[in-house]
Each structure stands twice: as C-alpha cells, then as structure tokens.
Amino acid sequence: MHRSAALSLALVSTMLLAAPRAAPDAAGGYRGWPAYGGGTDNIHYSSLRQIDTRNVGKLAVAWTFDTGDAFGEGGNASEMECNPIVVDGVMYVVSPRLRVFALDAATGRKLWMFDPNPGETVVSKQRLRGVSYWSDGHEARIFMTSRSFLLAIDARTGKAIPSFGAGGRVDLRDGLGRDPKDISVGANTPGIVHGDLVIMGTTGWAPGHIRAYDVRTGKIRWTFHTIPQPGEYGYDSWPKDAWKTINGANAWAGMALDGKRGILFVPTASAGQGDKDFFGGDRKGDNLFANSLVALDAATGRRLWHFQAIHHDLWDYDFPAPPSLVTVRRGGRMVDAVAQTSKQGFVYVLDRVTGAPLFPIVERPVPPSTIPGEHASPTQPFPSLPAPYARQGLSRADLTTRTPEAHKAVAERFDRFASSAFFAPPSFEGTLLAPGTDGGAEWGGTAFDPETGLLYVNSNEKPSVLQLGKRSTSPIASGKAIYEAECSGCHGLDRKGSPPEFPSLAGVGDRLTKFDVFRMIGRGGGRMPSFEHLGNEGIGAVADYLVYDRDTALKGEVRTRSDAAEYSFAGYGKLADPDGYPGIRPPWGTLSAIDLNSGRYAWRRNFGEYPELVAKGMGDTGSDNYGGGVVTAGGLFFIGATVYDRKFRAYDKRSGKLLWETLLPAAGNATPAVYEAGGRQFVVIAAGGGKAAGPDNVPGGSFIAFALPERPRLNPRAGR
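This note's numbering applies: residue -17 is where the sequence shown begins, and numbers increase by one.
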C-alpha cells in the first residue's frame, strides 16, 4: 500500500538548498493574463488597482464580441467555458464550436480566426477551456486541442504551422502504448508551457499518461506513466498487467507550474473509466497515481513526490481543477505551498517542495463495499484543516423543506438507499453520495490573494445516486444492445439522460440526421469519448436505434468496451425533488474565503439564485455554479459561474459583501480574466450558458469586457 506523500528524498534535499521563491507571471507583477488561470501558478490574481471597492459600482460594458457560434436549445444547447488569455495587447479566445479568435484586447476587434474543422457543422457540445501561448521572442505560437489532436497556430497570423507534427497537428492517441484505433483521447484544458515544451494532460478512454511535446516539432520529449509500468514506482499498487488494459488516472483538469524551481504539479482523476469509475474489482490496490497530486520535474517528467487523496476510487472523485501555488505563513515563516481543492469538499495544503502537509492529514476508517469482488480501501485521508466547504454525507435532517410535498417525496426516496454515509461505496440498492460526482469544487478552480492569504472556493451541493447492477451476459447482437452496454450509463436505458450534463437522446432524429449522429458517435465531443472502436457497422447500428428507433442486427462481431465489466452503472442519478430542485436544504451552492495561514474561514456565503424562487420569497438558496473567480489588488473578487441567475458579481474580497452585479445574456460558466490595455483595466468573461436544465438553458457565444467609463479627453486647442 502506498499512502499519502511519498518523497524522492535526495532530490528534495538538493532542491531545498536552492529554494528560490516563485516569481510573478511572464507579464510582470500580475498585470496581464498570459496563461489559463492568469499564469502558470494558477492563482487567478491581478495586481491592478484601477477598479477598486469604491468605484466598482460604475463598471460598464466596454466592448462585446459575439463569436456567432452558439447553437442548440434545452439539454442540447452549446457551452463555452473559455478563460481568455491576453498577451501583448492581444486576447485569444475559443468559441462554442472550438474556433479560435484573436482580438484587440482594448476594443474587442477581431484580428483573425482559426477553425480546426473547416467546412464541418458542429452539432454536439464541445469543451475547450482555453489555449496556451509560447514565444521565443522571434516567433509566437498558440496551442489548442480539437478532438484527439494538439494543434499549433501562428499567434500573429492565425495560420496552422505545418512543421509542427503532421501538417500542424499531432495525434494525442499516439505514444500511449495502445493501438490508437482502440482508444479515445481528448483534452478540455490547455497544456502548460515550460521552456520549449508544451506539457499535456488528457481525458478519454485511454491511460492518462502525462506527455511533454517539443513546441517546434511536436515530438514527445518525455512521458510520465500515471498507470505505472513494471519497474516503476507504484507498479505494485495495481494488479500485475493493469498497465496493459486499464484506462484512467488522467489529468483532464489542468496543471500548475513553479517555473523558477521547474516543478510541475499534476492533479489526476479516477482509476477507472465508464462503469469502472464505480467498480474496481479488476484493479485491486491503491491504484497510484490515480486521484493524486503528483509533483514532476518539468524538464524530464521525473516524479519528485506525490500525495494520493483517494485510495482505490469508487466514487469518480477526480481532482476537479488545477492546484494554486500559494505562499503562506506557518510557524513564523513564509512557506511556498500548493493548495488543491477536491470534489469531496477538502482543501489539501502541501509544502511545494517536499509534499509534506501543512495541516495534519490522518487516515480514517470508511464504510466497506457490499459488492462481491470489490476491494474497497478500509481508510481514506482526512485533513484536519481547513474544515470541509461542502456537506459530507447526509442525514434526514438535511432533506428539503421547500414544500411539505417536496419533503415527503424526497424522504420516501431517501429511506430506500442502502447508505448516505460519507465514502459509502456504490451498492445494488443505491448509495447516496454527498458531495456528488459534480461537486463540491469544480473545474473553475480557486483564486488566491497574496496580500491576505485568502483562498476563494466556489462549491456545489448536489448529491448523486450511485447504483450498480449485474451486467447482462447476452451477446452484443444489435444496435440497441450496444447502446445499453456502452451508452446507458450516461444517457439512461430510456435515453432521457440527465440534462444538461448528459443530454437526452429521446427524439434525437427530430434534431439531427443519421450522418450527424454517426459522426458524433465516432468522434465524441464534450465529455463523450469517441466510439470509433465499434467500427462502421456498430456505429451505424447505434445511430439507427437512436434516429429511427430501429434495432438493427449485427452481421459481424463488435467489441464493446464494457465486455469485461462484471457490473453495470445505472447512470448519474440525482437526489432531486419532484419539481427538479435539489432534494436537500440550502445552500445548493456556496462561496468561501479560507485563510490558508490559519486554516480557518474568513467568510462563507450562499452563492447563486433561482429567479423563480426569488420571486416566491425564497432567495439566497445558492445554485449550481461552474467556472472560477479572480481576486485583485483593488480589493475585489469577481465571479460569474452561477447557472440560473446569469449574473456576474464583484465582492469585497475581505468581507464577502456584494458590491456590484450585472445580468449577462447567457450564464458566465467560465473564469474571467483581468488585464490592462491602453492604460485601462478590463474584466472580461465568456457568456456561454448551456448548463441549466430544461427550456431555460440559454446558450451563448459572447465575450463581454467591463471597464470604468473613460474620462473625456481634453481638446488641446480649447481654453481652460
């Protein structure tokens, strides 16, 4: 068993002697926004002060740029999660259809556009949270991903760079030790640039190895195996041949980099994929380096230390966001640390160089599994501080009281679950999971204020239902059988899904042609992996079932990914009341400021509203929220994120008092950026929407920049 932090002591000792301090981002003084999250340290911080607590109420729209790429409606609406980057007065953004635009950061004027899929119509959700920028002073490149490809674009012209890989792109399926035709790989979060490397994490039906690519040629320079191979550290935390067959342990959420020390911080995801997120009978052991924060030498990929937050994950408790590289006061001295949030509601604060916890972390017993063949870990690590920012486990006292009818319906359902205890594994009867698979912390990540030591965390309170069933042993002989084996875990046996995260496929033929559905199944999109391994016959049979409700028999043999899974996952269920609201008492979403010097909360508040409930006198409930915030030296914390009220807000960073808010055309489910252009401070956010449930799910494709009103310029010829 490999527990918590494991160190490469010789290397750590050498690094401790050098111990350089982290520097601001490449723009100097945190005045720009040159990378995803503001900089490679991912603290979402700006040192700009032009907009402050006294004048923030005067903020107004400075410019708007509409990509024109919003599409769909309801559960099939498009999304846009992009955090813009700004370099040398140019802003680079990604649209809902994954087109990249370069804009004049002062005016929003389009400079160029790059389409990774020219001539094709995008009909499914796409996700790309931003791009990466590299320059050697002579040339500059933008790196983006589309489907399984990493692409290089000339930052000045918007043209593909043909010398990178093959015709300007490299296939991320190559170099993983598997047949590229049998795996599905993509990347939702931009890579980290270090020197002449662009370092990528990925997601998909594949091993989640971390790879560093040469920025000029696209060749792989190093690989870190997140599922260790023979002779590598952690190999004995898996079954003998797991490295040949297991998929998962990927780094979809993004990474952080201490550029001075050359340390890369990689948060990884669950040890399984699909049904195996929730059943690990074929992966006995702790499963390093899944659910771990791994510190690597950024130049070589060598492991320096790691901390595993979940042993043998059975809950899909991926690390949901990049860590923040912070400096805190401990024992009378300043310590460079790394702060990592989690779905389970914990913040882990570790020494950046050694991996040692700054607040004690203890292994505590957790409930055992009742599923035959499962090997749940008997303990999990619990930090002593900070206290959890989300409820962990539920009792009857937590159930909704919104109306007597809602309470009764939820209570009757609650009583049927096998367990609602924190870390209770999935069961045949159904286990209630809180926080759910879609919260506490989300992919937007945290903001950190170097001035006060406060870490800002927005969190969801949305319980999930985890239920397993015995998989059918009937042969896969038709399109319907393939759908039930491969697709029903997300979209349900009834094809109604769990919108908007998992869209309904009922009546999809009324919206899309068979060709559209065929291409979508083969390529994947958003959270959906490619199903190219089914072959044309298998994909066509599934398309027939979805579009025409026709169960086409297979002539040949189709290999599904679920063939070897003993149990099936019943789908991403939620504990909701009959009207669709969360089945628990508010808060349903929160915003917290945590003092990392002490581990105590500076302030906490409910975050987000349902407008129709506000009209009925039930405001301040909190709501689903996706995207992060930004903290500034002007005393402000800016955040959009809330799904239903579509508001963009500014709070007093010290007290949490709301100082300003505005209504966006679509929800700002993205992290804003703060920058300076032409002597003026701007705050820009993507208004992409697409995450609400039902007919109110408004898609958008606009970037909206706010600034203080410009002062009137004096006419030099006018008298005083």
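Idealized CB from N, CA, C, for every residue including glycine. It should be emphasised that the depicted structure is a prediction, and the values quoted were computed from it without experimental measurement.
(1) Helix, strand or coil for residue 230 per DSSP?
(2) Which of the three DSSP states is assigned to residue 311 in this structure?
(3) Which of helix, strand or coil does DSSP assign to residue 4?
(4) Please confirm whether residue 257 and residue 551 have their CB atoms less than 9 Å apart.
(5) Return helix, strand or coil for residue 346, following the three-state DSSP convention.
(6) Have a look at residue 396 and residue 378 and give me their C-alpha separation to the nearest angstrom.
(7) I'd like to confirm the pairing. Which residues does DSSP put opposite residue 176 in its beta bridges?
(8) Find out if the Cβ-Cβ distance for the pair residue 176, residue 246 is shorter than 9 Å.
(9) Relative to the C-alpha of residue 244, which residue among 271, 11 and 277 is closest?
(10) Does the beta-carbon of residue 530 have 16 or more other beta-carbons within 10 angstroms, so that it is buried, or is it exposed?
(11) Mapping the DSSP letters down to three states, classify residue 237 as helix, strand or coil.
(12) Thinking just about the alpha-carbon of each residue, which of 611, 624, 390 and 623 is nearest to the one in residue 560?
(13) Are the region 270 to 289 and the region 47 to 60 in contact at 8 Å, needing three or more beta carbon pairs?
(14) Does the beta-carbon distance from residue 199 to residue 157 come in below 9 Å?
(15) Could you work out which residue in 622, 635 and 676 is closest to residue 669 when comparing CA atoms only?
(16) Between which two residues does the alpha helix (DSSP H) holding residue 386 run?
(17) Please name the residue, chosen from 665, 677, 679 and 681, that lies closest to residue 43 on a Cα-to-Cα basis.
(18) Please report the residue range of the beta strand (DSSP E) in which residue 73 lies.
(19) Tell me the rounded alpha-carbon separation between residue 517 and residue 164.
(20) What are the boundary residues of the alpha helix (DSSP H) that includes residue 465?
(21) In this structure, does DSSP put residue 219 in helix, strand or coil?
(22) Is it the case that the Cβ atoms of residue 360 and residue 331 are separated by a distance below 9 Å?
(23) On the DSSP letters alone, give me the boundaries of the beta strand (DSSP E) that residue 84 sits inside.
(24) Taking the alpha helix (DSSP H) that residue 502 belongs to, which residues open and close that run?
(25) Which runs of the beta strand (DSSP E), 3 residues or longer, sit entirely within the region 538 to 623?
(26) First and last residue of the alpha helix (DSSP H) that includes residue 529?
(27) Per DSSP, what are the beta-bridge partners of residue 362 in this structure?
(28) For residue 473, which three-state DSSP category applies?
(29) Answer yes if the region 34 to 50 comes into contact with the region 614 to 631, meaning at least three C-beta pairs across the two stretches below 8 Å, and no otherwise.
(30) Would you kindly work out how many angstroms separate the C-alpha atoms of residue 578 and residue 310, rounded to a whole number?
(31) Buried or exposed: which applies to residue 661, given that a residue is buried once 16 or more other Cβ atoms fall within 10 Å of its Cβ?
(32) Taking contact to mean 3 or more Cβ pairs, one atom from each stretch, closer than 8 Å, check whether the region 520 to 530 and the region 334 to 350 are in contact.
(33) For the beta strand (DSSP E) containing residue 666, name the first residue and the last one.
(34) Between residue 148 and the ligand SAH, is there a pair consisting of the residue's CB and a ligand heavy atom that are separated by less than 8 Å?
(35) Give the straight-line distance between the Cα atoms of residue 108 and residue 89, rounded to the nearest whole angstrom.
(36) On a Cα-Cα basis, can you pick out the residue from 183, 428 and 413 that is closest to residue 329?
According to the structure data:
(1) One-based indexing of the sequence shown puts residue 230 at position 248. Strand.
(2) Locating residue 311 in the sequence shown gives position 329, where the first residue counts as 1. Three-state result, residue 311: strand.
(3) The count along the sequence shown starts at 1 and reaches residue 4 at position 22. Annotation note: pLDDT 34 at residue 4 (below 50); position unreliable, coordinate value reported separately. Note: residue 4 maps to coil in three-state DSSP.
(4) What you label residue 257 is simply residue 275 of the sequence shown in a count that begins at 1. What you label residue 551 is simply residue 569 of the sequence shown in a count that begins at 1. Yes, the pair counts as a contact, with Cβ atoms nearer than the cut-off.
(5) One-based indexing of the sequence shown puts residue 346 at position 364. Looking at residue 346 - three-state DSSP - the assignment turns out to be strand.
(6) Within the sequence shown, the letter at position 414 stands for residue 396. Within the sequence shown, the letter at position 396 stands for residue 378. Using only the alpha carbons, I get a separation of about 8 Å.
(7) Along the sequence shown, read from residue 1 onward, the residue named residue 176 stands at position 194. The partner list for residue 176 (beta bridge, DSSP) reads 179.
(8) Position 194 of the sequence shown, counted from the first residue, corresponds to residue 176. Position 264 of the sequence shown, counted from the first residue, corresponds to residue 246. A contact, by the Cβ cut-off of 9 Å.
(9) Mapped onto the sequence shown, residue 244 falls at position 262. Measuring from the Cα of residue 244, the nearest candidate turns out to be 277.
(10) In the sequence shown, residue 530 corresponds to position 548, counting from 1. The residue is exposed, with fewer than 16 neighbouring Cβ atoms inside 10 Å.
(11) Here residue 237 is taken as the residue at index 255 of the sequence shown, counted from 1. If DSSP states are grouped into helix, strand and coil, residue 237 belongs with coil.
(12) Along the sequence shown, read from residue 1 onward, the residue named residue 560 stands at position 578. That would be 390, whose Cα lies nearest to the Cα of residue 560.
(13) no
(14) By one-based count along the sequence shown, residue 199 stands at place 217. By one-based count along the sequence shown, residue 157 stands at place 175. No, the Cβ-Cβ distance between residue 199 and residue 157 is not below 9 Å.
(15) Working through the sequence shown from its first residue, we reach residue 669 at position 687. Nearest C-alpha to residue 669: 622.
(16) Here residue 386 is taken as the residue at index 404 of the sequence shown, counted from 1. Taken as a continuous stretch (DSSP letters only), the alpha helix (DSSP H) holding residue 386 covers 386 to 396.
(17) Locating residue 43 in the sequence shown gives position 61, counting from the first residue. Comparing Cα-Cα distances from residue 43 to each of 665, 677, 679 and 681, the minimum goes to 665.
(18) Position 91 of the sequence shown, counted from the start, is the residue given in the question as residue 73. Looking at the DSSP string, the run of the beta strand (DSSP E) that includes residue 73 is 72 to 76.
(19) Mapped onto the sequence shown, residue 517 falls at position 535. Mapped onto the sequence shown, residue 164 falls at position 182. Near 10 Å, if we compare the C-alpha coordinates of residue 164 and residue 517.
(20) Position 483 of the sequence shown, counting from 1, holds the residue named residue 465. Element bounds for residue 465: 461 to 468.
(21) Counting from one through the sequence shown, the residue named residue 219 turns up at place 237. Residue 219: helix per DSSP, three-state reduction.
(22) Taking the sequence shown and counting its residues from 1, one reaches residue 360 at position 378. Taking the sequence shown and counting its residues from 1, one reaches residue 331 at position 349. No, they are not a contact pair.
(23) Your numbering for residue 84 matches position 102 in the sequence shown. From DSSP, the beta strand (DSSP E) with residue 84 extends over 82 to 86.
(24) Counted from its first residue, the sequence shown places residue 502 at position 520. Segment 496 to 505, the alpha helix (DSSP H) holding residue 502.
(25) 549 to 551, 571 to 577, 582 to 588, 611 to 614 and 618 to 621
(26) Numbered from its first residue, the sequence shown carries residue 529 at position 547. Taken as a continuous stretch (DSSP letters only), the alpha helix (DSSP H) holding residue 529 covers 517 to 530.
(27) Position 380 of the sequence shown, counted from the first residue, corresponds to residue 362. Looking at the DSSP assignment, residue 362 forms a beta bridge with 346.
(28) Here residue 473 corresponds to residue number 491 of the sequence shown, with the count starting at 1. Three-state result, residue 473: helix.
(29) yes
(30) For the purposes of this step, residue 578 is identified with residue 596 of the sequence shown, where counting begins at 1. For the purposes of this step, residue 310 is identified with residue 328 of the sequence shown, where counting begins at 1. Each residue's alpha carbon lies about 6 Å from the other.
(31) Numbered from 1 along the sequence shown, position 679 holds the residue referred to as residue 661. Its Cβ having fewer than 16 others within 10 Å, residue 661 is exposed.
(32) no
(33) Residue numbering aside, residue 666 sits at position 684 when the sequence shown is read from its first letter. Residues 662 to 671.
(34) The ligand SAH is not part of the structure shown, which contains no ligands of any sort.
(35) On the sequence shown, position 126 is the one that residue 108 refers to. On the sequence shown, position 107 is the one that residue 89 refers to. So the alpha carbons of these two residues sit roughly 27 Å apart.
(36) Within the sequence shown, numbered from 1, the residue matching residue 329 stands at position 347. Looking at the Cα atoms, 428 is the closest of the given residues.
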